[in-house]
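So the sequence shown is numbered by our numbering: it starts at 10 and just counts up by one.
For every residue, glycine included, the Cβ atom is placed at its ideal position computed from N, Cα and C.
In what follows, a structure is listed as structure tokens, so that the remarks can point back to it.
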Amino acid sequence: ISHNKSTNSSLFFRYAVVTGSNKGIGFGICKQLASNGITVVLTARDEKRGLEAVEKLKKETGPNGDHIVFHQLDVADPASIASLADFIKIQIYFMVMLLLRRTFFFMEGLYQSMQEGVQVDWSKILTETCDLAKECININYYGAKRMCEALIALLQLSDSPRIVNVSSATGKLKILSEFLKDFKEGALETKGWPRFVSAYTVSKVALNAYTRILAKKYPNVHINCVCPGFVKTDINGNAGILTIDEGAETCRYAVVTGSNKGIGFGICKQLASNGITVVLTARDEKRGLEAVEKLKKETGPNGDHIVFHQLDVADPASIASLADFIKTQFGKLDILVNNAGISGSIADEDAIRAAGVGKVEVVQVDWSEILTQTYDLAKECININYYGVKRICEALIPLLQLSDSPRIVNVSSSLGQLKFISSNEWATGVLSDADNLTEEKVDEILTEFLKDYVEGALETKGWPNFYSAYTVSKVAVNAYTRILAKKYPNVYINCVCPGFVKTDLNQNAGNLTMDEGAESPVRLALMPNGGPSGLFFSRKEESPF
Numbered sequence: 010i011s012h013n014k015s016t017n018s019s020l021f022f023r024y025a026v027v028t029g030s031n032k033g034i035g036f037g038i039c040k041q042l043a044s045n046g047i048t049v050v051l052t053a054r055d056e057k058r059g060l061e062a063v064e065k066l067k068k069e070t071g072p073n074g075d076h077i078v079f080h081q082l083d084v085a086d087p088a089s090i091a092s093l094a095d096f097i098k099i100q101i102y103f104m105v106m107l108l109l110r111r112t113f114f115f116m117e118g119l120y121q122s123m124q125e126g127v128q129v130d131w132s133k134i135l136t137e138t139c140d141l142a143k144e145c146i147n148i149n150y151y152g153a154k155r156m157c158e159a160l161i162a163l164l165q166l167s168d169s170p171r172i173v174n175v176s177s178a179t180g181k182l183k184i185l186s187e188f189l190k191d192f193k194e195g196a197l198e199t200k201g202w203p204r205f206v207s208a209y210t211v212s213k214v215a216l217n218a219y220t221r222i223l224a225k226k227y228p229n230v231h232i233n234c235v236c237p238g239f240v241k242t243d244i245n246g247n248a249g250i251l252t253i254d255e256g257a258e259t260c261r262y263a264v265v266t267g268s269n270k271g272i273g274f275g276i277c278k279q280l281a282s283n284g285i286t287v288v289l290t291a292r293d294e295k296r297g298l299e300a301v302e303k304l305k306k307e308t309g310p311n312g313d314h315i316v317f318h319q320l321d322v323a324d325p326a327s328i329a330s331l332a333d334f335i336k337t338q339f340g341k342l343d344i345l346v347n348n349a350g351i352s353g354s355i356a357d358e359d360a361i362r363a364a365g366v367g368k369v370e371v372v373q374v375d376w377s378e379i380l381t382q383t384y385d386l387a388k389e390c391i392n393i394n395y396y397g398v399k400r401i402c403e404a405l406i407p408l409l410q411l412s413d414s415p416r417i418v419n420v421s422s423s424l425g426q427l428k429f430i431s432s433n434e435w436a437t438g439v440l441s442d443a444d445n446l447t448e449e450k451v452d453e454i455l456t457e458f459l460k461d462y463v464e465g466a467l468e469t470k471g472w473p474n475f476y477s478a479y480t481v482s483k484v485a486v487n488a489y490t491r492i493l494a495k496k497y498p499n500v501y502i503n504c505v506c507p508g509f510v511k512t513d514l515n516q517n518a519g520n521l522t523m524d525e526g527a528e529s530p531v532r533l534a535l536m537p538n539g540g541p542s543g544l545f546f547s548r549k550e551e552s553p554f
């Protein structure tokens, strides 16, 4: 079974194990992974409860239920762990993801009166003993350690291995020493250990530390720990404020350039509807903030996933400000959609109205009589459509590389295909040689184009007459996509023509709605690991450059 990046849209099989997943957050994680087409091994100590959970999941996920299988697992029992490892090796051969969720809270007591927001004196409700503390450390820390040691060999057979240790906010401590010894001697308070859920806290501190050790030991495996938030589970007597599904989610962050209207606006809307935090950007702050308010009304609760930041892709200082904002607020970036662009021409509004553009479905228009193209407009078009993309990528790729599923989607055009500059054999030849393509060669072609433009030699040199600068800028974006994909093989980078969409850029002469135009870029932004990179798509279909 291949897990390499492919230039085909073939099926990619991925497998995950989630410990302690017959209920709670683990159950929610299984549900969301299966919904993303991943085959999930749901595990539980009790076989009957595990099988019941699988049946429940299959009903909730419909056809995706076929992606869920069960195997008994007790993380405190080496024989049980070995049995699971053998099962995976025989049935699946390798793994992509190990999510260590099994947790023990070492509590005794009933929470019958627990309700959200109730203030509770937990010291009167929880009973902590040395035996319970010992069991907690054994399951929460050593259980995770045993699982990693048993399954990491199988994870290393994957080309995109992941380990996620479900931790807790209480796991943030500076010192970890002889906790159990001090617990047995009744010296927790005098030795400075936490008094509230002591063993649970220390077990999570140890798990966080182990995560850092493993990540250093296995640099080819993406290993992280996460606090899923205060989730309603049996562990806290359902006193949490988040649902199981909310606790199972992973936070993803996206930037969409030029997104206060048109296709960019539609992309923000669809990404936010998929639970992704989106930074909507615009040159004009007032229009950007108005767009955010409009989106919040249209997306309802998903509107909370939308924030605004000013961005002018032609201004390095504006780009640097955005990069600092993302680094400070989110610490990483998962998705970059380069949508900002201009046409490189000025339209005669009176002629457009007279031709009926945008009023009927199909209008035959002589655009040469409607559009005015100048050298200054062409220069600005190249600067924004190509060099704007390049500046943004250079500034944000370091943040994208902190993500375990980074995506760059460059919104291009069918006019960006090489056949539209084929009369210029030199430029076509250089750009067709993908193996030897460089940023310097793209710069050289753009410099030559602008030189020919100012000398009035576009037609004699074989450059397009219609939408000249726009066409050449999109050809350059497509070439840059191939260069970047080769330079950063861990980032999935593609360019896409979203179709002929009704936008200001074409005076609303398109035949697709804004939402229809947003579908293709969003599909590439959300595609699973193992998908294509360095390709050009015409809507949903791979297309030649």
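Linking LYS388 to GLY350 through their CA atoms gives a straight-line distance of about 13 angstroms. Around the CB of PHE429, 16 or more other CB atoms lie within 10 Å, so the residue is classed as buried. Going by DSSP, CYS39 is part of the alpha helix (DSSP H) stretching over 33-44. Excluding the 5 residues flanking it on each side, HIS76 has same chain C-beta neighbours closer than 7 angstroms at ALA43, GLY46, ILE47, THR48, VAL49, in chain order. Between the beta-carbon of THR286 and that of TYR262 there is about 5 angstroms, and that keeps the pair under the 8 angstroms contact cut. Of all C-beta pairs linking the segment 486-499 to the segment 471-478, fewer than three are shorter than 8 angstroms, placing the two stretches out of contact. Secondary structure at ARG296: helix, using DSSP grouped into helix, strand and coil. Between the alpha carbons of ALA326 and ALA404 lies a distance of about 11 angstroms. Of the residues LEU166, ASN269, VAL301, the one whose Cα lies closest to the Cα of ASP321 is ASN269. Assignment of beta-bridge partners to LEU521 by DSSP yields VAL510. Here ALA162 is exposed. Its C-beta has fewer than 16 other C-beta atoms within 10 Å. The C-alpha of ASN147 is placed about 12 angstroms away from the C-alpha of CYS139.
For ALA323, the closest alpha carbon among the candidates ILE172, TYR396, SER432 is that of TYR396.
The beta strand (DSSP E) runs lying completely inside the segment 384-429 and spanning 3 residues or more are 416-420, given in chain order. Boundaries of the alpha helix (DSSP H) around ARG155: 153-164. Its chain contains GLU56 as the residues whose beta carbon lies nearer than 6 angstroms to that of GLN81, once the 5 sequence neighbours on both sides are disregarded; these appear in chain order. Put simply, the backbone Cα of ILE172 is about 20 angstroms away from that of ARG416. The residues TYR219, in chain order, have a CB closer than 7 angstroms to that of LYS154 in the same chain once the five nearest residues on each side in sequence are set aside. Under the three-state reduction of DSSP output, GLN100 falls in the helix class. By the CB criterion at 9 angstroms, GLY438 and CYS506 fall outside the cutoff.
Between the beta-carbon of LEU459 and that of ILE391 there is about 7 angstroms, and that keeps the pair under the 8 angstroms contact cut. For CYS139, the secondary structure class from DSSP, reduced to helix, strand or coil, is helix. The shortest C-alpha to C-alpha distance from ILE232 to any of ILE379, LEU411, ILE454, PRO87 is the one to LEU411. For LEU51, the enclosing beta strand (DSSP E) begins and ends at 48-53.
Across the set ASP413, PHE545, ALA53, the C-alpha of ASP413 shows the shortest separation from the C-alpha of PRO537.
As the crow flies, the alpha-carbon of ALA142 is around 8 angstroms from that of TYR209. Secondary structure of ARG23 (DSSP, three-state): coil. CYS504 and VAL420 have their alpha carbons spaced roughly 6 angstroms apart. Taking all protein chains shown into account, TYR384 has fewer than 16 neighbouring C-beta atoms within 10 Å of its C-beta and is therefore exposed. In the structure shown, ALA326 falls within a helical segment according to DSSP collapsed to helix, strand and coil. Contact between ILE355 and PRO530 does not hold, since their C-beta atoms are separated by about 27 angstroms, which reaches or exceeds 8 angstroms. Around the C-beta of PRO170, 16 or more other C-beta atoms lie within 10 Å, and the residue is accordingly described as buried. In the structure shown, the three-state DSSP call for TYR209 is helix. DSSP, reduced to helix, strand and coil, places GLU464 outside both helices and strands of the structure shown, so it counts as coil.
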